[in-house]
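Protein chains in written order, with the UniProt record's numbering: chain A, 1 to 388; chain B, 1 to 388.
Cβ atoms here follow ideal geometry from the backbone N, Cα and C, with glycine treated the same way.
Below is one structure, written out as structure tokens; comments come after it.
2 protein chains.
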Amino acid sequence: MVPEIVVLRWELWGMRGVQLKTVAPAVRPAFADTIIKGDCVAALEQLPAHSIDVVFADPPYNLQLAGGLTRPDQSLVDAVDDDWDQFASFEAYDAFTRAWLLAVRRVLKPDGSLWVIGSYHNIFRVGTMLQDLGFWILNDVVWRKTNPMPNFRGKRFTNAHETMIWASRGPQSRYTFNYEAMKAFNDDVQMRSDWLLPICTGGERLKDAAGQKLHPTQKPEALLARVMLASTKPGDIVLDPFFGSGTTGAVAKRLGRHYVGVEREQVYIDAATARIAAVETAPAAALELLRGKKAEPRVPFGALVERGLIQPNEIMTAISGRHQARVRADGSVESGSHTGSIHRVGALVQGFDACNGWTFWNVHRNGVLTSIDALRQIVRDEMAVAGG
Amino acid sequence: MVPEIVVLRWELWGMRGVQLKTVAPAVRPAFADTIIKGDCVAALEQLPAHSIDVVFADPPYNLQLAGGLTRPDQSLVDAVDDDWDQFASFEAYDAFTRAWLLAVRRVLKPDGSLWVIGSYHNIFRVGTMLQDLGFWILNDVVWRKTNPMPNFRGKRFTNAHETMIWASRGPQSRYTFNYEAMKAFNDDVQMRSDWLLPICTGGERLKDAAGQKLHPTQKPEALLARVMLASTKPGDIVLDPFFGSGTTGAVAKRLGRHYVGVEREQVYIDAATARIAAVETAPAAALELLRGKKAEPRVPFGALVERGLIQPNEIMTAISGRHQARVRADGSVESGSHTGSIHRVGALVQGFDACNGWTFWNVHRNGVLTSIDALRQIVRDEMAVAGG
DNA sequence: GCACAGCATGAATCTCGTC
DNA sequence: CGACGAGATTCATGCTGTG
Numbered sequence: 001m002v003p004e005i006v007v008l009r010w011e012l013w014g015m016r017g018v019q020l021k022t023v024a025p026a027v028r029p030a031f032a033d034t035i036i037k038g039d040c041v042a043a044l045e046q047l048p049a050h051s052i053d054v055v056f057a058d059p060p061y062n063l064q065l066a067g068g069l070t071r072p073d074q075s076l077v078d079a080v081d082d083d084w085d086q087f088a089s090f091e092a093y094d095a096f097t098r099a100w101l102l103a104v105r106r107v108l109k110p111d112g113s114l115w116v117i118g119s120y121h122n123i124f125r126v127g128t129m130l131q132d133l134g135f136w137i138l139n140d141v142v143w144r145k146t147n148p149m150p151n152f153r154g155k156r157f158t159n160a161h162e163t164m165i166w167a168s169r170g171p172q173s174r175y176t177f178n179y180e181a182m183k184a185f186n187d188d189v190q191m192r193s194d195w196l197l198p199i200c201t202g203g204e205r206l207k208d209a210a211g212q213k214l215h216p217t218q219k220p221e222a223l224l225a226r227v228m229l230a231s232t233k234p235g236d237i238v239l240d241p242f243f244g245s246g247t248t249g250a251v252a253k254r255l256g257r258h259y260v261g262v263e264r265e266q267v268y269i270d271a272a273t274a275r276i277a278a279v280e281t282a283p284a285a286a287l288e289l290l291r292g293k294k295a296e297p298r299v300p301f302g303a304l305v306e307r308g309l310i311q312p313n314e315i316m317t318a319i320s321g322r323h324q325a326r327v328r329a330d331g332s333v334e335s336g337s338h339t340g341s342i343h344r345v346g347a348l349v350q351g352f353d354a355c356n357g358w359t360f361w362n363v364h365r366n367g368v369l370t371s372i373d374a375l376r377q378i379v380r381d382e383m384a385v386a387g388g
Numbered sequence: 001m002v003p004e005i006v007v008l009r010w011e012l013w014g015m016r017g018v019q020l021k022t023v024a025p026a027v028r029p030a031f032a033d034t035i036i037k038g039d040c041v042a043a044l045e046q047l048p049a050h051s052i053d054v055v056f057a058d059p060p061y062n063l064q065l066a067g068g069l070t071r072p073d074q075s076l077v078d079a080v081d082d083d084w085d086q087f088a089s090f091e092a093y094d095a096f097t098r099a100w101l102l103a104v105r106r107v108l109k110p111d112g113s114l115w116v117i118g119s120y121h122n123i124f125r126v127g128t129m130l131q132d133l134g135f136w137i138l139n140d141v142v143w144r145k146t147n148p149m150p151n152f153r154g155k156r157f158t159n160a161h162e163t164m165i166w167a168s169r170g171p172q173s174r175y176t177f178n179y180e181a182m183k184a185f186n187d188d189v190q191m192r193s194d195w196l197l198p199i200c201t202g203g204e205r206l207k208d209a210a211g212q213k214l215h216p217t218q219k220p221e222a223l224l225a226r227v228m229l230a231s232t233k234p235g236d237i238v239l240d241p242f243f244g245s246g247t248t249g250a251v252a253k254r255l256g257r258h259y260v261g262v263e264r265e266q267v268y269i270d271a272a273t274a275r276i277a278a279v280e281t282a283p284a285a286a287l288e289l290l291r292g293k294k295a296e297p298r299v300p301f302g303a304l305v306e307r308g309l310i311q312p313n314e315i316m317t318a319i320s321g322r323h324q325a326r327v328r329a330d331g332s333v334e335s336g337s338h339t340g341s342i343h344r345v346g347a348l349v350q351g352f353d354a355c356n357g358w359t360f361w362n363v364h365r366n367g368v369l370t371s372i373d374a375l376r377q378i379v380r381d382e383m384a385v386a387g388g
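Quick look at the structure:
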């Protein structure tokens, strides 16, 4: 699935141009929305490099459960499970972690990101390995449980949280973060690194034929939903290398994302398949993400002058009233000896390195001091009606 | 050595009282309640082996900050750029961590325990090294900050917490944990692994002659108080190998514990000495008054969608029936061309500057128009236990 | 003296597209 | 790849100055 290069012809306010643009294929790859049976590292070799947008991983930390650990060279690790031989156990776990993280790193897109969830038993080793392999940690996010299991023996604090590490492929990656959507979600305050959510119980918890919980560590869908709403866009492909009961797949489908799962146990594959089949994708209108200004079409300041929303020679003022600037016909402005863009002059008159001229400068309209950003919004609204 | 009866007037974190108390003359080693000047590893060689009950360590975080960071108002953030936080590589940081942890391990009593605080920059490496050296992790405790610095560029989640690792010297250690005291402290429910506390500001924050913060990373006394009340007994000796502004010493003295500090900078030693001299030891009765107060938990609108109490694409209406809005999966809403949070869209459709979306919007439930504020109460009740 | 507005600041790995 | 320039972006709290 090679990105396609298309020729875009555009016309905007009487200006025309041609632009080359790469367009991701609308056709989803064959591996999308499938569960691959097998060991994590071996199964991931079936996927093409740089084909995954986001990874969510809930790796095992009990070495007995992990079983069959392999080193990066595929040789089997002789896992020691005696309590006294911690070093050998940790070494085995590190080899296992290194192997699956390398496999995941290969299939992750350069601008993709990765989530790993764990507890104090394993998360420190995972975090260290992530850093050693060149991943760039963006946040550690704490899932605070409303209803954790109490500490029955009264020997420690109630273990009431788990830790997720969110990392990009490297320091230069331009990962996805839906900042505006998260902020709206959180009543117009930035989303914090601590999330309060109940554990997975009740009807959401999958049961086996005997009525017992099917999977020991089934994660709540709300947790995965927040992960995907924060770090993916509709249509993205989310890989879960330890698929288990398929929470990642169910939430991906519900939110209009694609999933790829890797799972060794047929019983989990069967349960997850049935579970995902019963999920309906939310309507497209509900999946639109609130987008910030960065995602809106760029409107140059000159366009406002061109459209007559601001007159050549008109005086703009700062809110404080302390600064003024004169608009010139070409969209540049001058203030005393300073000339340049609205941003540059705004910075110069304040003695700053930078300034957002859109929010700094104002003009009088109907006797009211009006931000030029509000005038820009008029143009943007017109563009939206015209189909952007 | 007859026990003496004294009258104690106490004031502790805003509370006051008077108490009669018998004071038993304590035998303490010569190094108790002193600050050793020098490099951490070298200085610790002066202490006898197995002489310390609990260690609290706040090592350099290795922040790896690149350029400067400005707030939206263009003011410069005063970053931690001190020499002591600079390391050439992860390898160098690991070597440093290994060295001081080994030095600390030598002086720790067999049944002693150790706390280390850090952020995602370093805490994973510290945790891994602890495990590799044979320490036994008891809990990872999350310090949730009520007032963290925001993420100014909107590129990540607000980094709103730091992580403390609490570990015993080994799996067989019989460490101190004051379970009943912690439970009483926490209104008779088990103390959880997530603690909500403000950062150190205001009068508690030490200032230099110029009125600037003396130390870049001074920790709040309330944090240390909870650490010591949980894991030490009166008269215990607490070692802080990165003493800094001396919070550990001040709290140890206030709570009737002894401290040993190691610090390289004379300016910090002087400030900590003066600070600790001004501290009075509190009577036990004062400590019983320490209760975690629970604020009403904040429930963002997105959480209602996340929890399934409101469906994506569902229509909300104003009481008047004049306005409608559609809910999207990310917790944002849209009404015509208006998009944003419940509050913002509520304001926009009415032409107001502000609106409380919780009381403005309603949904139909069992044929009845129901305020979304009522749905919020359902979630709030579930969350009350977790302490906001 | 009090109320209120405005300012200052905190362990931070904090831009992106185009030429 | 680097340089350049447009332009996007903050929450809780405590202190200071003013009326």
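Count the other CB atoms within 10 Å of the CB of residue i; is the residue buried (16 or more) or exposed (fewer)?
| i | result |
| --- | --- |
| K219(B) | buried |
| V368(B) | exposed |
| T146(B) | exposed |
| V267(A) | exposed |
| G261(A) | buried |
| K233(B) | exposed |
| G351(B) | exposed |
| H364(A) | exposed |
| F152(A) | exposed |
| K207(A) | exposed |
| I378(A) | exposed |
Indicate the three-state DSSP secondary structure (helix, strand or coil) for residue i in the structure shown.
| i | result |
| --- | --- |
| K207(B) | strand |
| A160(B) | coil |
| F243(A) | coil |
| F90(B) | helix |
| M316(B) | strand |
| T248(B) | helix |
| T217(A) | coil |
| T146(A) | coil |
| V349(B) | helix |
| Q172(B) | coil |
| R344(B) | helix |
| V379(A) | helix |
| G202(B) | helix |
| residue 447(A) | It is not possible to answer for residue 447(A), since the shown part of chain A is limited to 1 through 388. |
By how many angstroms is the C-alpha of residue j removed from the C-alpha of residue i?
| i | j | result |
| --- | --- | --- |
| G211(B) | I372(B) | 48 Å |
| A285(A) | N313(B) | 7 Å |
| N356(B) | D194(A) | 24 Å |
| S113(B) | N178(A) | 42 Å |
| L76(B) | H121(B) | 22 Å |
| G118(A) | D58(A) | 7 Å |
| D94(A) | M164(B) | 22 Å |
| D78(B) | M149(B) | 11 Å |
| T370(B) | A318(B) | 10 Å |
| T217(B) | L197(B) | 15 Å |
| A181(B) | V116(B) | 22 Å |
| V189(A) | K253(A) | 28 Å |
| S173(A) | Q311(A) | 42 Å |
| I35(B) | V333(B) | 58 Å |
Our contact map puts residue i next to residue j with C-beta atoms below 8 Å; I'd like the distance itself, whole angstroms only.
| i | j | result |
| --- | --- | --- |
| R226(B) | A250(B) | Contact flag wrong, Cβ pair sits at about 14 Å. |
| S316(A) | V305(A) | It should be noted that the sequence gives Met, not Ser, for residue 316(A). Wrong, their Cβ atoms sit about 11 Å apart, outside the cutoff. |
| F185(A) | P300(B) | 6 Å |
| R192(B) | F157(A) | 6 Å |
| G302(B) | D330(B) | 7 Å |
### Task
Say whether the stretch 38-46 of chain B touches the stretch 80-94 of chain B, bearing in mind that this needs 3 or more beta-carbon pairs closer than 8 Å, one atom from each stretch.
no
#### Entry: contact_flag[the stretch 132-140 of chain B, the stretch 101-120 of chain B] where n(CB pairs < 8 Å) is 3 or more
yes
#### Entry: Segment contact flag, the stretch 48-55 of chain B with the stretch 225-244 of chain B, C-beta cutoff 8 Å, min 3 pairs
yes
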